[in-house]
Amino acid sequence: MLKIESKSKGAELTSIKLDGKEMLHQGEVWNRHAPILFPIVGRLKNDETIINGKIYHMGQHGFARDMEFKELEKNENKHEYVLESNSKTLEKFPFEFSLCVTHLVEGNTLTTKYRVLNKDKKQMIFGIGGHPAFICDYSSGRYKIEFEKQEDNIKFMSLSDGLVKKEEAPNILYKNLINLSKDSFINDAIIMKDIKSNKVYLKENERTILEFDFTGFPYLGLWAKVGAPFVCIEPWMNTADKVNTDGKLETKENIIKLERDEEFECSYSMLFFGTEEKNSIEQ
Numbered sequence: 010m011l012k013i014e015s016k017s018k019g020a021e022l023t024s025i026k027l028d029g030k031e032m033l034h035q036g037e038v039w040n041r042h043a044p045i046l047f048p049i050v051g052r053l054k055n056d057e058t059i060i061n062g063k064i065y066h067m068g069q070h071g072f073a074r075d076m077e078f079k080e081l082e083k084n085e086n087k088h089e090y091v092l093e094s095n096s097k098t099l100e101k102f103p104f105e106f107s108l109c110v111t112h113l114v115e116g117n118t119l120t121t122k123y124r125v126l127n128k129d130k131k132q133m134i135f136g137i138g139g140h141p142a143f144i145c146d147y148s149s150g151r152y153k154i155e156f157e158k159q160e161d162n163i164k165f166m167s168l169s170d171g172l173v174k175k176e177e178a179p180n181i182l183y184k185n186l187i188n189l190s191k192d193s194f195i196n197d198a199i200i201m202k203d204i205k206s207n208k209v210y211l212k213e214n215e216r217t218i219l220e221f222d223f224t225g226f227p228y229l230g231l232w233a234k235v236g237a238p239f240v241c242i243e244p245w246m247n248t249a250d251k252v253n254t255d256g257k258l259e260t261k262e263n264i265i266k267l268e269r270d271e272e273f274e275c276s277y278s279m280l281f282f283g284t285e286e287k288n289s290i291e292q
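Numbering (the working numbering), first residue to last: 10 to 292.
Printed below as a string of structure tokens:
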């Protein structure tokens, strides 16, 4: 049985337990668990962006993860929160909006859903993504990420001080796997695009720990603090600024645009496997 806990700050999951075993990083090394990335994903060049001709300042991954959400519903299987734009958000992001975050448990599957409503009179532009951290001693060399489909055209993005470089990073797939090691995150996150798969699997040797479904997200990131006992699997709708950005939020790759009263929804799901369960994931 899957049980979750969450908090109103950032509408963030703080615990995912499968049959009493904790699956989510508890903040010992990194002081977050599964933050939402909104209204930007990644870093802005010089921590600033231009919106409608005006410069706005915003830290990495935006502000939602550090804001207090209103609790809408909280029971054993559903936790739902909402963040409404306010004077503080308008200082950084000049749009009236509603951001709803829902965590839903069904059996051993946990789905996190984001719903954004543009309540402004003008077009709204934004980014969004997830950042859950799963307990995983990746430095041991026992862990790997396996892709659902054969990835012949996947691209790895190269970073410089958190910004996306023009040059691609080396392709680190081996037999459709990313083998995690102590050196995996020395050069920051692993960010991928042009992915055919809708799912990846986190495995310890041949045992599947979880199945991660990121259908609809064009980017997938992997990250951990060097040597930390967790790994983040991150579904993103867009990415950090490029090194040669013009600074305008509207020109970011895959930026989302919503007209007045329009809604945008996306979700990702995690299916957890117990230690005694047999699974049929083919090698």
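Yeah, the Cβ is synthetic: ideal placement off N, Cα and C, and Gly gets one too.
In the structure shown, D146 falls within a coil segment according to DSSP collapsed to helix, strand and coil.
In the three-state reduction of the DSSP assignment, T248 falls in the coil class. I137 sits buried, since 16 or more C-beta atoms from the chains shown fall within 10 Å of its C-beta. Scanning its chain for C-beta atoms nearer than 6 Å, with the 5 sequence neighbours on each side dropped, one finds around C275 the residues Y123, G225, in chain order. Judged by pairs of C-beta atoms under 8 Å, the stretch 137 to 147 touches the stretch 215 to 233, as three or more such pairs exist. For E160, there is no enclosing alpha helix (DSSP H), as DSSP gives it neither H nor E. Using a Cβ distance threshold of 9 Å, V110 and K87 do not count as a contacting pair. With a beta-carbon spacing of about 16 Å, T254 and Y228 fall beyond the 8 Å limit used to define contacts. Below 8 Å, enough C-beta pairs join the stretch 152 to 164 and the stretch 178 to 195 to call them touching: three or more. Annotation for T224: no alpha helix (DSSP H) segment contains it, and DSSP assigns it neither H nor E. DSSP places N127 within a strand segment (E or B) once states are collapsed to three. Within the DSSP bridge table, the entry for I49 names no partner. CA-to-CA, the gap between R74 and P48 works out to about 10 Å.
Between the alpha carbons of E271 and Q132 lies a distance of about 9 Å. Contact between the stretch 230 to 246 and the stretch 255 to 262 is absent, with fewer than three C-beta pairs closer than 8 Å. Counting the other CB atoms within 10 Å of its CB gives D28 a total below 16, which places it among the exposed residues. Taking C-beta atoms as the reference points, P238 and H34 count as a pair closer than 9 Å.
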